[in-house]
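Top line first, the protein sequences correspond to chains A and B.
Counting in this note's numbering, the first sequence runs from 23 upward without gaps.
Counting in this note's numbering, the second sequence runs from 3 upward without gaps.
As structure tokens, the structure follows; a few thoughts come after it.
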Amino acid sequence: MSLSAVTGRRCFLQESVLGLGSVALASLMDRRSATGARAVEANRSLTARASQFAPRAKNVIFLFMAGGPSQLELFDNKPSLRKYAGQRVPNSVLGNQELPFIERDATLMPSPLRFSRHGESGAELSEALPRLAEVVDDIAIVRSMHTDAFNHAPAQIFLHTGHLQLGKPSMGSWISYGLGSECSDLPAFVVLTTGQGVSGGASCYGNGFLPSVHQGVTLRSEGDPILFLGDPKGIDRSIQRDTIDALGHLNRHRVDIVGDPEIETRIAAYEMAFRMQTSAPDLIDVGQESKTTLELYGVTPGEPSFAGTCLLARRLVERGTRFVELMYKGWDHHSDVEGGVKKICGRADQPVAALIKDLRQRGLLDETLVVWGGEFGRTPMVEDNPALGRTRGRDHHPNAYTMWMAGGGINPGQTIGKTDELGYHVTEDPVHIHDLQATILHLLGIEHTELTFQHQGRDFRLTDVEGEIVEKLLG
Amino acid sequence: MNIRYTIPGRRLVLSWLLLPFIAVLVAKADEHWAFQPPVRPELPVIVNEKWHRNPIDRFVVARLQDEGLKPSPRAEKATLLRRLSLDLTGLPPMKEDMDAFTADNEPGAWERLVEQLLKSPHYGERWAVWWLDGARYADTNGYEVDRPRMIWAWRDWVIRSLNNDMPFDQFTIEQMAGDLLPGATIQQRIATGFHRNTFMNEEGAHDWEQFRYESIVDRVHTTATVFMGLTLACAQCHDHKYDPFTQEEYFQFFAMLNNADEPELEVPVEDILTRQAEIDARIAHMEADRPQHFPLDSELPNANGLATDSEQKQRRKHLQRRFTEWVERESETAVRWHLLRPRHAVSTNNATMTVLEDGSLLVTGDRPELDTYEIVCDTDLQQITGFRLEAIPDPRLPNHGPGRGSVMSDGTFVVTEFDVDAQPLVASEQHESAFEIQSFNFVRADATYQNERRTVDKAIDNNRLTSWHTNNAARRRHVAVFQNDEPYAAGGMTKLTITILQNFLHQQTLGRFRLFVTDHEQTLSASLRDPVIDSILLADAAERSEQDIEQLKEHYLSVAEELTEYNKAIAELRTNRPQLPTTMVLSERSVQRPTHLHERGEYRRPAAIVSAGVPDALHPLTGNEIPSRLSLAKWIVDRRNPLTARVIVNRIWQQYFGQGLVNTPEDFGSQGMLPSHPELLDWLAVEFMEQNWSLKSLHRLIVNSATWQQSSQTTLQQQNRDPENILLGRGPRHRVSAEMVRDILLATSGLLNRRIGGPSVFPAQPAGALAGFGGFKWSTSEGGDQYRRSLYTFRQRAAPFAMSSLFDAPPGLTCTVKRRRSTTPLQSLALLNDSLTIEASRALAEKILGERGTSQDEKLILAFETCTTRSPDLHELQTIRDFHEEQKLHLTDRPHVAAALTGSEQPADAVASAESAAWTVTVRLLLNLHEVIVKQ
């Protein structure tokens, strides 16, 4: 499918009954009346909606590195750890912090990986990221992230939903709710996983209390790319087309008799289902890509890989998908952090760098915000535990870790934030998860305090009751 | 009553619909309506007397009259039949039901139908779904590991209680505090599973107490929401911003829920109990029969050629001889173990330790990740050389223990360090001071179970990172012995302080164990043999009583080499003895857990201790005892409670009409919506309580009302004036729940398996639908279990069943009292392409084709009626006929497509195959009609 063909279909939703036109954010607040609320909610589907103010980005690709990548092996160079190697962390630094797997007397371990400066910006990266080094001037590194939880599932749910309790909408759902979709035949919020799913499970891309049309749709690498997408055995395209036509006919006949407008929505849903059956297989057919592109990412068509999902992410934003999330598990290096980081970067470094290059090449980087990071970082102390068979690993660390962002509205080529000489605490420009979320919404043209939804007696929002925009990140 | 909050006028942007009610509000602006107990209002006088059928209708018509609107006429009989059937049983009527009911013109036909459906066992299933949402029921533990849990017995309790029309006040009390009722039955204890539907974190190395705290937070939220429509959860971090609840009151409420332990309970399933009893009888018989199986002495000549009598005698003699030899041999090595009866035992992480009759300690209550036990015992032994630790299985422990491990390896434990300090109780020759504490220095350890690397000597290596492990060895006794470097010489009584450090993961701590001490001077080895046997062995032969000898012999027979094979058969019977399923319950602690107020609601910021109680703004508790879960339960269903009856009536109403009279069923506080029919709500609430909280009476009242029986056809005027049908000027019309969508497919096609209750099942879903979460395998159920009602589909929190989440079923994460109803393309894909649709279409097509002597049109009409419970009009028939003809042509030309549809490899007859395939395609079309999944 050519790009123009895709764009040509984008107007579908605006015209169809799936939405009754653009609903300004402010009007969402008017929910106190008995009728008003319901009407607004019912109509708030996937119609593309204008941002509150000029957006810097239209789409987001969130590269979620599940497990907690070690910032000390990747971004946050701490030569002083060599000096303190084998020593305990002073109590004054530890405070009353609890650690999941290691004891308070665990000793400090310097990174075995070498760091060097790259690009015009001179950003420091470890030897595990040679390809990212090539695009380092396109990204902004935040070394001062911190979060509220240190077990995987709660921390992942916190990163995605802004709340530690379950059942809240994820970032992608909030953004789909706030901005709708620009794509008529694919969902607004698409989730791609490689291999195993993540700890937080479906809660990481659930719609919570938002209408379920905003829930993340997983694009699967096994079987149908979207659940129930393929025609069942014995149903060919002609039968499917005829069936949907006859259904439309019979259903519309009922509208005339019973006067229920909901039937029109159902008819439109069947039509879109039929279109998705064509467009989704087309989307995942990476064989259409040039050899150069495939090599850039390191993709072999037909072989599921993280690289493949990076390429799909580009194909999705190209088609107007609002929020693409890639979940890549395998960063939880309780043992052999050196070997573990090298191994996973062997698979994850090239495709991520390729994604940045590819987006830039196609002029999509300006309108696409790319976010890379995990639910927390890792301790400067070593994890050695013979009972668990662990040696030279690092434990979970919520106090200070690194993420990076690129593209839409980001001022690239800079490194924000500092940590202390042990890499234990943030000392400069702390960025909390809620700040990150506020900034992402801001770049999409949404004021994070105003994107709310009333549920169980109060207005909820992605950033709970906090969140400051990280001005330094903005271009 | 102390109302501290008044409604801020600025937040009430009211529509014209509510204008009449505003007057009332303004008059009582300082008293929120929902906090005033409902009083039965007078029935309004109405003009249209003919239309109304019961009091509900008077309120509805009066309101419509005020707006200058009229109610709609009664819906057609067939429509009502389908509506009623879906509302009361969640299943569509069968074609026969339709024929019978439309033909029945006798008076009372409707009432008979209502009673018949209220008596159907499927009634309890349909309404259980309603209750399960609020209870956040699921079959897995949630969070990262999300392992399966067993709590379906509670779900079955709900179905049964609803079918029996248990009064709602009792239904509430038993679920909140069934364990606290005098003489609580097993069923009443099973009912407390309601609050066990909280998450359990099984991630390694978490802070158990933190997640227990989170689960109480969830219980507060659920209790307040599901019974009373209160947003009490808002007061966790600060005083409620809009309703009269302080943060302190939040934690007072919390305190009533904070005093429970969370054990599992075995569910007495009749046929398992019978099988267990059979096996037990067999084991007892085989054990008694052991002497008869003792072999003949092969060393004696002619052993095989002797007569029966003397063979018996020979056998007995042989046994006697071998037994005597064994006693002599064993007496030499027996060790005298003295039981240490704990006088004090404490768990560092707040588990409950109880001394049992046999001197063993049972550990229950809190289940910390790691724990250290400190046990104090006294002994009068003059010399101490070693200790024996005996871990004992017990049905009260996960997987029967002996450990408390309940995550990766159920019932297992570790011992990281085993330390003993001795202290003389009085000064003596050996110990000048009674304060002299001496630590044992263990140099040898032995155990009856050791796995390769994690051996028992790790328990005495002074390394807190290594332990003796018993993984994969649950449901067995384990014994470890620890030997001192040199004997400890005591002068008199000695106080022993035994510290057992258990420093691993996943709650792998000891669940039940005994301790022994010895003065034995030879090398100690671990043995499962009961120390009582050793004592008998060590006694002088003359001193042994007959009973002692009997006991010795019994023991000998259980270990005799000659009976190895025979005993193995007994052991096998024991291993394969069927186990009772368990269910998760609450059980009140005898020692009160203190409840703190937590600053900003954060677990890590406990502040002052608060006492249990209820918010001041509501009615007080009755009774003078310390408020417990039971007090709370009774308070919830107290007739003075202004909220419970209203909230429940509203949520029942919501099931019928798609929305409640209060459209914020989760919030009856000042921020919630106002009721559209406040007097009707109050009338129903009072009626509900006065009908002894009978849910079935309430259902009867609603379905017998003219309001519910109205036609749901919408006129343009109605669409413009009242698009959401808030004024109830027409009948309900909305998509059915996720469960009903699938159940309709199953029932309409005849595939449905109507079995009630039991463990959850795994219907087919596309490969990889779970995306590999937690490595959990969805193995599709065999046979009929695939076609059970959706209520029984296994609910996995991290990756819900695809058809459920697509149609807005909540995943059981939090209390849900209002489902969304979305219409999405993904639903259309599922309805078109799921293998279930094809199976259902094929099954119904076969049935239709099997109708002999009917024309094609008659068959088409039959198919249509079966799917929709109404006859097609001419236009519809024409459309279906054209479609059917066209598909038949298409399929005749494509025999391979037809074959794929009918599921046969080699169709015998191409024409018949195309015919059959075309019917499958046509039925698939009909099953996809919007009205099939809409209650109208």
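Just so you know, even glycine gets a beta-carbon here, dropped at the ideal spot from N, CA and C.
Would you say I285 of chain A lies against chain B (beta-carbon separation less than 8 Å)? As a working note, residue 285 of chain A is residue 263 in the first sequence. Taking Cβ atoms only, chain B reaches closer than 8 Å to I285 of chain A, which makes this a yes.
Segment contact, 8 Å Cβ cut-off, at least three pairs: the region 168–178 of chain A with the region 141–149 of chain B: Result yes; three or more Cβ-Cβ pairs closer than 8 Å.
Under 8 Å: do the region 696–711 of chain B and the region 42–59 of chain B share three or more Cβ pairs, one atom per stretch? Taking one beta carbon from each stretch, the region 696–711 of chain B and the region 42–59 of chain B have 3 or more pairs nearer than 8 Å; the two touch.
Can you give the Cα-Cα distance for I758 of chain B and W154 of chain B, rounded to whole angstroms? Taking the second sequence and counting its residues from 1, the one referred to as residue 758 of chain B is at position 756. Taking the second sequence and counting its residues from 1, the one referred to as residue 154 of chain B is at position 152. In this structure, the CA atom of I758 of chain B is about 12 Å from the CA atom of W154 of chain B.
Please name the residues in the region 137–171 of chain B whose beta-carbon is closer than 8 Å to at least one beta-carbon of chain A, in chain order. Cβ contacts with chain A: G144, Y145, E146, D148.
Are the beta-carbon atoms of A842 of chain B and L718 of chain B separated by less than 8 Å? Stepping through the second sequence from its first residue, residue 842 of chain B is reached at position 840. Stepping through the second sequence from its first residue, residue 718 of chain B is reached at position 716. Contact: no.
Using the beta-carbon of each residue, which ones in chain A are nearer than 9 Å to V1 of chain B? Residue 1 of chain B falls outside the range modelled here, since chain B spans only 3 to 938, and no answer is possible.
Inter-residue spacing [alpha-carbon to alpha-carbon] between A919 of chain B and A900 of chain B: Sequence index remark: in the second sequence, residue 919 of chain B carries index 917 (1-based). Sequence index remark: in the second sequence, residue 900 of chain B carries index 898 (1-based). Linking A919 of chain B to A900 of chain B through their CA atoms gives a straight-line distance of about 5 Å.
With 16 other CB atoms within 10 Å as the buried threshold, where does S613 of chain B fall? As a position in the second sequence, residue 613 of chain B is number 611, starting the count at 1. By the 10 Å Cβ count, S613 of chain B comes out exposed.
Closest by C-alpha distance to N249 of chain A, when choosing among B:Q938, B:P297, B:W921, B:S830: Stepping through the first sequence from its first residue, residue 249 of chain A is reached at position 227. Going by the sequence as given, residue 249 of chain A is Leu instead of Asn. Looking at the Cα atoms, B:S830 is the closest of the given residues.
When the Cα atoms are used, what is the spatial distance from G497 of chain A to I161 of chain A? Indexing the first sequence from 1 puts residue 497 of chain A at position 475. Indexing the first sequence from 1 puts residue 161 of chain A at position 139. Rounded to the nearest angstrom, the two C-alpha atoms are 11 Å apart.
Look up M427 of chain A in the DSSP assignment and say whether it is helix, strand or coil. Numbered from its first residue, the first sequence carries residue 427 of chain A at position 405. It is a strand residue.
Is the Cβ of F34 of chain A closer than 8 Å to any Cβ of chain B? The count along the first sequence starts at 1 and reaches residue 34 of chain A at position 12. Its pLDDT being 30, under 50, F34 of chain A is placed unreliably in this model, and the value from its coordinates should be taken loosely. With its beta carbon at least 8 Å from every one in chain B, F34 of chain A lies outside the interface.
Under 8 Å between C-beta atoms, does E127 of chain B make it to chain A? The residue you call residue 127 of chain B lines up with position 125 of the second sequence. Not one chain A Cβ lies under 8 Å of E127 of chain B.
Rounded to a whole number of angstroms, what is the C-alpha to C-alpha distance between V458 of chain B and R479 of chain B? Here the question's residue 458 of chain B lines up with position 456 in the second sequence. Here the question's residue 479 of chain B lines up with position 477 in the second sequence. Rounded to the nearest whole angstrom, the CA to CA distance from V458 of chain B to R479 of chain B is 15 Å.
Taking 8 Å as the cut-off, does the region 417–437 of chain B touch the region 207–218 of chain B (at least 3 CB pairs, one atom from each stretch)? Result no; under three Cβ-Cβ pairs closer than 8 Å.
Are the Cβ atoms of S678 of chain B and L697 of chain B separated by less than 8 Å? Along the second sequence, one-based indexing puts residue 678 of chain B at 676. Along the second sequence, one-based indexing puts residue 697 of chain B at 695. For S678 of chain B and L697 of chain B, no; Cβs fall outside 8 Å.
Around the Cβ of A107 of chain A, are there at least 16 other Cβ atoms within 10 angstroms (buried) or fewer (exposed)? In the first sequence, counting from the first residue as 1, residue 107 of chain A sits at position 85. Answer is exposed; the Cβ neighbour count stays below 16.
Following the continuous beta strand (DSSP E) through Y2 of chain B, name the residue where it begins and the one where it ends. In the structure as shown, chain B starts at 3 and stops at 938, and residue 2 of chain B therefore has no counterpart that could be examined.
Looking at chain B, which residues of the region 286–300 of chain A have a Cβ within less than 9 Å of any of its Cβ atoms? Against chain B - using a Cβ distance shorter than 9 Å - the residues of the region 286–300 of chain A are T287, R288, I289, A290, A291, Y292, E293, M294, A295, F296, R297, M298, Q299.
Taking M355 of chain B as the reference, which of B:I628, B:L512, B:A610 has the closest Cα? The count along the second sequence starts at 1 and reaches residue 355 of chain B at position 353. With distances taken between Cα atoms, M355 of chain B lies closest to B:L512.
When you compare each of A:A76, A:E340, A:P402 to G385 of chain A by their alpha carbons, which one comes out closest? Translated into positions along the first sequence, residue 385 of chain A becomes position 363. By alpha-carbon distance to G385 of chain A, the top candidate from A:A76, A:E340, A:P402 is A:E340.
Determine whether the beta carbon atoms of D358 of chain A and R400 of chain A lie at a separation below 8 Å. Within the first sequence, the letter at position 336 stands for residue 358 of chain A. Within the first sequence, the letter at position 378 stands for residue 400 of chain A. No, the pair does not count as a contact, with Cβ atoms beyond the cut-off.
Contacting residues, own chain, Cβ-Cβ under 8 Å from A449 of chain B (five flanking each side not counted): Walking along the second sequence from the start, residue 449 of chain B turns up at place 447. Counting only Cβ-Cβ distances below 8 Å, and skipping sequence neighbours, we find T457, V458, W470, H480, V481, A482, V483, A528.
In the region 849–908 of chain B, which residue ranges form an unbroken alpha helix (DSSP H) of at least 4 residues, counting only runs that do not cross its ends? Whole alpha helix (DSSP H) segments, 4+ residues: 858–870, 876–894, 897–904.
Under 8 Å Cβ to Cβ from D263 of chain B, same chain only, skipping five residues before and after it: list those, please. Locating residue 263 of chain B in the second sequence gives position 261, counting from the first residue. T354, T366, G367, D368, L588, S589, E590, R591.
Can we say the region 854–868 of chain B touches the region 881–898 of chain B, given the rule of at least three CB pairs closer than 8 Å? By the criterion of at least three beta-carbon pairs nearer than 8 Å, the region 854–868 of chain B is in contact with the region 881–898 of chain B.
For the beta strand (DSSP E) that contains I386 of chain B, what are its first and last residues? Locating residue 386 of chain B in the second sequence gives position 384, counting from the first residue. I386 of chain B: member of the beta strand (DSSP E) spanning 385–393, first to last residue.
Mind checking which residues open and close the beta strand (DSSP E) that includes T461 of chain A? By one-based count along the first sequence, residue 461 of chain A stands at place 439. For T461 of chain A, there is no enclosing beta strand (DSSP E); the enclosing alpha helix (DSSP H) covers residues 455–465.
Under the three-state DSSP convention, the category K243 of chain B falls into: As a first step, residue 243 of chain B must be located in the second sequence, where it is residue number 241. Coil, per DSSP.
Taking beta-carbon pairs under 9 Å, can you tell me which members of the region 392–405 of chain A lie near chain B? Correct list: empty, as no residue qualifies.
Below 6 Å CB to CB, which residues in the same chain sit around D171 of chain B once its five sequence neighbours on both sides are set aside? Locating residue 171 of chain B in the second sequence gives position 169, counting from the first residue. Closer than 6 Å at the Cβ level, and outside the excluded window around D171 of chain B, lie V639, W695.
Ends of the alpha helix (DSSP H) at A130 of chain B? Here residue 130 of chain B is taken as the residue at index 128 of the second sequence, counted from 1. Following the DSSP letters along the chain, one finds A130 of chain B inside the alpha helix (DSSP H) bounded by residues 123–136.
Quick one: is P408 of chain A near chain D, going by C-beta distance under 8 Å? As a matter of chain content, chain D is missing from the structure shown, whose protein chains are A and B.
So T499 of chain B packs on V445 of chain B, CB below 8 Å; how close in whole Å? One-based indexing of the second sequence puts residue 499 of chain B at position 497. One-based indexing of the second sequence puts residue 445 of chain B at position 443. About 20 Å separates the two Cβ atoms, so there is no contact after all.
Ignoring anything shorter than 3 residues or poking outside the region 214–259 of chain A, list the beta strand (DSSP E) runs there in chain order. List check, beta strand (DSSP E) in window: 239–241.
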